[in-house]
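J.: Pasting a structure here, questions to come.
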Amino acid sequence: VTADPEILTMLGDAVAAFARPDLEAARKLRDDRQGYDPDGFAQLGRQGWLWVSAPEHLNGADLGALGAVTVARPLGYGLRGEPFSQVVAASVVFGDATLSPRLNDVAGGVASGDVTPGVFLHHDATKPKPEAAAVSGGGYTLSGAAGPIEAGRADGFVLKAYDGSTPVLCWVPAYTPGVSIDMAHAPDGTQVAMLRFDQANVEADSVIATGDAASEISRRAFDAGVLAQSAELLGLMDRVLEITLEYLRTRKQFDRPIGAFQALQHRAVDVWVRKELAEAAVYAAATKFDLASTPSAQRSALCSAAKARASSSAMFVCNQAIQLHGAIGTTHEYELSLHLHRALRISTMFGASFFHRRRFSDYRAKAAVEAAVASADSERALT
Amino acid sequence: MTFGVEQERDWNALSDVEFRRIVRAEFEGNYPEALKNVPYRMRWSENGAWYLRMARKGWIAPNWPLEYGGMGLEPGKLLIFIEEGERCGIGRFLDLGIHMIGPVLIQWGTPEQQKLFLPEILACEQRWCQGYSEPSAGSDLASLRTRATRDGDEFVVNGQKIWTTLADDATHMFALVRTDPGAQKQRGISFLLIDMTTPGIEVRPIRDLAGHEEFCEVFFDNVRVPVMNLVGELNAGWSVTKSLLGFERIFIGSPKLPEYGLVVLERAVAAAGLEADAAVSDQVSQFAMDVLHLRDVYEKFAERMRRREPIGDDVSLLKLWATETYQAIASYALEVAGEPGVLTTPGEPSAEVLSDFYRSRGPTIFAGTNEIQRNILARKVLQLPMS
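Protein chains in written order, with this note's numbering: chain A, 1321 to 1703; chain B, 108 to 494.
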């Protein structure tokens, strides 16, 4: 995939125009624990934006990771709570796998925004994992638990379960008998599902992939989702920095704008630096994501580094913005609270900084081994 | 007139891969092993032979135009040349003649000045130091007080410069001097070329934290400088200086030092047997990520250079992140190494964590302190009001 920069610019502008911050609506969605407007999600589907990275054979725009980043950033800027990164991950799952007719229908529903997917691709090793016991005919029976999973409105789940140590990637409709859902509330008003499985059946035509294929597909999808979240956080930082700088230029104390004080100027520069680092990290990872020359270990390392960076930068930016605003920054009513609540959600979804730092480190070590092998080849090419 | 050695080929006509291959082969095949990654600034007596070889080959001035005896490299090729030098661990000499005064003379110098100085710079017969900072003019450089008074065909220079890198290894100095004490700050400054053998100049080395003598004080007592050594107009030295700040600023933020710091840190972790320590691993991962993202930011500015776009005031970001990351890594390596990290065994080179720690202290200060960089960013990029 080599996305045309002009197409990406036009796409970004279109999403930005669509997702202009509407503070009143955002406040209401948060405070009523709605998280997002289902109509808004459907509109993203109608525009084709949900399927921005999906391949052509699924009627996607095929704009790769850069396409997803281009859509996600203005969504983050506009405080949109739609589960965009979940859909990006799902689009990679459906795009990389060989789909049954039934799964093909599910994919079409996700593309149009009619089917909302929850995605569970990476379980925390310290928590009980979803287990899949093979039954005759190619299906599985699920037990155990999975969660947290973004999207309280999920119509079904892309789930990575385990048959012993063998991964099984499957689609589990939310109404499947034996699946019970507990909801938890996130600070931004979104709902997060905790699933429990009690002899829930997965029919053979809902199995997406198993074994190594399931591992590879789910890892690539996870990387794509994580990168989309990082771009959402980047958009969020764009907005927080913008309102904070404006505040520094206009708020007066001691007869001058507080932005004229060097202590606050330097603090503001540090906020900007963190945003710039996240921006460079996100675009570097997105650019390399779809290159055939990028080994998968390097791709995972770059995506986790981008997520760890974007998460810690976003929290830094929000925290500093609160301090720079003074008391008004600590109120529920002021705009900053909306961004902080959203940052708390996205920065932890699919793993927080700490988790991704470790994942980065693991894959960096793997990539180094791969690179040592590959460098012999490139040395040969150079000499 | 023609300058320097004729180039063996049109480098810009080569593919990047081919050019890189040629440069790498030259460096790796010929640069002395013992001079790689030396943790201090070498003197001419140590690495002069290498640069004389480069001069004979016509590779001493990769950044100068062909017609002035340089390699005439376009920005992308120049970056490759620099990257390969860094990759090979080549140490700099007192190369300000190549990087600063050469480009200044090409832009501002009279034909006489070019004829007088450029060939000698290309031959490494002249090595130039930079006389900017003074005891009372550091961050506030424009308050400098070294005076140059016109007397017939000469200026008479009196005053003092400080933090002059390797002044005792230099044959010449380009200096900012005050030529109009009545004018406001920047307006009364001129750009002057001074032969270091002129009577009245005294150089005293300053010993730094690591015990090296890379900086000097330079005293001027009625030093007579020919009027023809004035570059640009009288009292217009500030503009001449500022023209230097475009292209060079990206290199202050090169990821090379922090990348090297990370290697030193990982060796220190291994030496201390802490590879499996969870707290250390998390911190090392963070630093590895800091360096990775520095590289990503660097690439963004390098791409601007390759496209010949203006580099932008936001380039100060690179200096901040590169130098502060390097400092944090080097400080942490010292912590990890513990007591052995600060001990030196007689007869052996100082422990690398300690020398890396010392080396990390300066970069946040020189070439515009990080506080000054933050001031610039706050005003020019973030558009915050003047205080």
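Heads up, the beta-carbon is just placed ideally off N, CA and C, and yes, glycines get one too.
#1: For GLU1326/A, decide whether its Cβ has a neighbour in chain B, counting only Cβ atoms nearer than 8 Å.
#2: Please decide whether PRO306/B counts as near chain A, where near means a Cβ-Cβ distance under 8 Å.
#3: DSSP on ILE197/B, reduced to helix/strand/coil?
#4: Report back the beta-carbon spacing between GLY1555/A and TYR1397/A to the nearest angstrom; my notes put them in contact at under 8 Å.
#5: Roughly how far, in whole angstroms, is the beta-carbon of PHE1517/A from the beta-carbon of VAL1488/A, given that I think they are within contact range, below 8 Å?
#6: Inspect the beta-carbon positions of HIS1659/A and ARG1559/A and report whether they are closer than 8 Å.
#7: With DSSP collapsed to three states, give me the class of ASP287/B.
#8: Please give the ranges of any alpha helix (DSSP H) in the region 1523 to 1605 of chain A, keeping only runs that are unbroken, at least 4 residues long and fully inside the region.
#9: Kindly indicate if chain B contains any beta-carbon less than 8 Å away from that of HIS1586/A.
#10: Going by beta carbon distance, what residues of the same chain come within less than 6 Å of VAL1527/A, once the five residues before and after it are set aside?
#11: Could you pull out every residue in the same chain whose Cβ sits closer than 7 Å to the Cβ of ASN154/B, ignoring the five residues on either side in sequence?
#12: May I have the straight-line CA-CA distance separating GLU1599/A from MET207/B, to the nearest angstrom?
#13: Using only the alpha-carbon positions, how far apart do VAL376/B and VAL443/B sit?
#14: Is there a Cβ of chain B sitting closer than 8 Å to that of GLY1579/A, yes or no?
#15: Between ASN482/B and chain A, is the shortest Cβ-Cβ distance under 8 Å, so that the two count as touching?
#16: Compute the Euclidean distance between the alpha carbons of GLN1511/A and ARG1665/A, then round it to the nearest angstrom.
#17: In terms of alpha-carbon separation, which member of VAL334/B, CYS231/B, ALA379/B, TRP118/B lies closest to PHE188/B?
#18: Let me make sure I understand the geometry here. Which of GLY1509/A, VAL1522/A, ASP1475/A has the alpha-carbon closest to that of ASP1483/A?
#19: So, with DSSP's three-state summary, where would you put LEU338/B?
#20: Does LEU159/B get closer than 8 Å to chain A when you measure Cβ to Cβ?
#21: Measure the C-alpha to C-alpha separation of GLU446/B and LEU351/B and round it to an integer number of angstroms.
#22: What does VAL1593/A reach in chain B if we use C-beta pairs closer than 7 Å?
#23: So for THR432/B, helix, strand or coil by DSSP?
#24: Taking only beta-carbon positions, decide if PHE1680/A is within less than 8 Å of chain B.
#25: Provide the residue span of the beta strand (DSSP E) that contains VAL310/B, from first to last.
#26: Kindly identify the DSSP beta-bridge partner or partners of ASN1424/A.
#27: Within 8 Å of any Cβ in chain B, is that where the Cβ of VAL1589/A sits?
#28: Here's the rule I'm using: 16 or more other beta-carbon atoms within 10 Å means buried, otherwise exposed. How should VAL1637/A be labelled?
#29: Taking buried to mean at least 16 other C-beta atoms within 10 Å of its own C-beta, is ALA1541/A buried or exposed?
#30: Mind pulling the chain A residues with CB within less than 7 Å of SER388/B?
#31: Consult DSSP for PRO1358/A and reduce its assignment to one of helix, strand or coil.
#32: VAL371/B: which of ASN144/B, ALA474/B, PHE281/B sits nearest, CA to CA?
#33: Do SER1550/A and ALA1626/A have their C-beta atoms within less than 8 Å of each other?
#34: Indicate the three-state DSSP secondary structure (helix, strand or coil) for SER122/B in the structure shown.
#35: Three-state secondary structure (DSSP) at LYS1608/A?
#36: Please report how far the alpha carbon of ILE1563/A lies from the alpha carbon of ALA1634/A, in whole angstroms.
T.: So, from the listed chains and residues:
#1: no
#2: no
#3: coil
#4: 4 Å
#5: Contact check for PHE1517/A and VAL1488/A: beta-carbon distance about 12 Å, past the 8 Å limit, so the pair fails to qualify.
#6: yes
#7: coil
#8: 1531 to 1570
#9: yes
#10: For VAL1527/A, where only same-chain residues beyond five positions count, the Cβ hits under 6 Å are CYS1490.
#11: Taken in chain order, the residues that qualify are LEU142, GLY198, PHE200.
#12: 32 Å
#13: Those two C-alpha atoms are separated by around 6 Å.
#14: yes
#15: Answer yes: the Cβ-Cβ gap between ASN482/B and chain A drops below 8 Å somewhere.
#16: 10 Å
#17: TRP118/B
#18: Of the listed residues, the one whose Cα sits closest to ASP1483/A is VAL1522/A.
#19: Sequence check: residue 338/B is Val here, not Leu. Three-state DSSP puts VAL338/B in a strand.
#20: no
#21: 44 Å
#22: LEU424, LEU427, TRP428
#23: If DSSP states are grouped into helix, strand and coil, THR432/B belongs with the helices.
#24: yes
#25: 308 to 313
#26: Its beta-bridge partners do not exist; DSSP assigns none.
#27: Proximity of VAL1589/A to chain B, defined by a Cβ-Cβ separation below 8 Å, is satisfied.
#28: By the 10 Å Cβ count, VAL1637/A comes out buried.
#29: buried
#30: What SER388/B touches in chain A: SER1681.
#31: helix
#32: ASN144/B
#33: yes
#34: Coil.
#35: helix
#36: Their Cα atoms are separated by approximately 14 Å.
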